[in-house]
Amino acid sequence: MIESPVFEKGYPSYEAVNRKPAMKLRYSEAFYSVQGEGKFVGVPSVFLRTFGCNFRCMNFGLKNEPMRDEKQKQGIKHNAEVAELIAKDVHKTTKEFNDLPIIHTGCDTYASIYPEFKHFNKQATVDEVVEHLLSLTPEGKWTMDNGQDIHLIMTGGEPLLAWQRLYVELFEHPRMRDLKNVTFETNTTQPLHDDFFNYLTDQDRFTVTWSCSPKLSVSGEPWETAIKPSVAYEYTCVDGSDIYLKFVVASQDDFEEVTRAVQAYRDGGVECPVYLMPLGGRSEEYNLNVQEVAEACMERGWRFTPRLHISLFGNAWGT
Ligand code: SF4
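Residue 5 is where the sequence shown starts when you use our numbering, and the numbers rise one by one after that.
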């Protein structure tokens, strides 16, 4: 029997979990990089990008576009750049995920959200995912000989969709025992499954950070579906976890919307640091509003987060 505090609290053993038919996780990419955004900028991290999202965020980088509900009424399902790729059969003719074109408007991880690109994603058992993640780390383990731990970043897509049902098994895997930090980069619309909530609350082996990035109207997602204070509040109830809000902004109007959103979260019982991050997948766009965002943060008492990976690597897969 593998020693673990959670087994004493009535959870199935790792062996029992493994006797069930292996369920598979679908993910578009896993890579090793430095965290480019938010509280842990610069920390060496392995990223696991799961497939699927309840949003589309078609409007990033575009102006005067209808919101998603209006676009749906018009039968529009894709961002214009993605629609063009599909019209050109790029999803059928491209061989490898990493060869897919980078786009500059809308959700930049389009291949992780649109069903047309599902076949570029891997399907793997938890064992296979763990082996893949560890193979990316410099020493094949989460805590290096010099004491620095490699963070695990669960990102997407939206990592808190139904994949939650595999996460207890993932975190209880014997080779995950030296993991110390997990961040969920979430759009903060998905409640936690009871099992997962209880597991996270009971365990004290690793620290969970909720990097909550609710989508403002600049994304094209309507407020009613994007701003969910009760969901963020539930995350804060996971014992020992940490939370911050991170908003992508492009203009003065967005600063006003951040103010309203932060108030809505406060009214919902969520008090936490607020980060603003300039919109822009390419340094050309990113640099346009970076100073304005930093100044707004200084004036209004928010924190600025860069997109470090844009400065370091440009907009590329696997960064
Ligand atoms: S919430 Fe994130 S992953 Fe989902 S569509 Fe929007 S930008 Fe893409």
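Quick reminder that beta carbons are idealized off the backbone N, C-alpha and C, glycines included.
For residue i, the residue or residues it bridges with in DSSP
i	result
Ala335	Given that the chain is displayed from residue 5 to residue 323, the structure contains no residue 335 and the question cannot be resolved.
Leu29	Ala128
Tyr203	Paired residue(s): none; Tyr203 is not in a bridge.
His155	Ser49
Leu249	Cys216, Val278
Thr190	Cys216
Supposed close pair residue i, residue j - CB separation, criterion 8 Å
i	j	result
Val253	Pro218	Not quite, the Cβ-Cβ distance comes to about 12 Å (not below 8 Å), so this is no contact.
Arg311	Gly42	Contact doesn't hold; Cβ gap of about 10 Å is too wide.
Val31	Asn102	The identity of residue 31 in the sequence shown is Tyr, whereas the question assumes Val. The Cβ separation is near 14 Å, so there is no contact.
Trp146	Asp93	About 41 Å separates the two Cβ atoms, so there is no contact after all.
Exposure label - residue i; buried when at least 16 CB within 10 Å
i	result
Arg169	exposed
Val112	Looking at the sequence itself, residue 112 is Asp, so the reference to Val does not match. Buried, since its Cβ has 16 or more Cβ neighbours within 10 Å.
Phe178	Per the sequence shown, the amino acid found at residue 178 is Pro instead of Phe. It is exposed - the Cβ of Pro178 has fewer than 16 other Cβ atoms within 10 Å.
Arg72	buried
Cys61	buried
Ile154	buried
Lys232	buried
Gln76	exposed
Lys250	buried
Asp258	buried
Of the listed residues the options, nearest to residue i (C-alpha basis)
i	options	result
Glu69	Asn102, Asn83, Phe59, Gly56	Asn83
Phe51	Ser315, Phe188, Pro119, Glu260	Phe188
Gly244	Tyr269, Ala320, Thr98, Thr213	Thr213
Lys99	His136, Lys122, Pro226	Lys122
Lys28	Phe64, Val130, Glu260	Val130
Residue i versus residue j: straight-line alpha-carbon distance, rounded
i	j	result
Gln267	Ile107	33 Å
Pro9	Glu132	Unreliable positioning characterises Pro9 in this predicted model, as indicated by a pLDDT of 39, which lies under 50. The coordinate reading is nonetheless provided below. Cα to Cα, the separation comes out at about 24 Å.
Leu164	Tyr239	11 Å
Thr159	Trp321	13 Å
Ala166	Leu196	10 Å
Gly14	Asp199	With a pLDDT of only 42 at Gly14, under 50, the local geometry of the prediction cannot be trusted, and the value read off the model is given with reservation. Distance between the alpha carbons of Gly14 and Asp199: 11 Å.
Tyr18	Phe175	With a pLDDT of 46 at Tyr18, under the threshold of 50, the modelled position of that residue is not reliable, and no figure is offered here.
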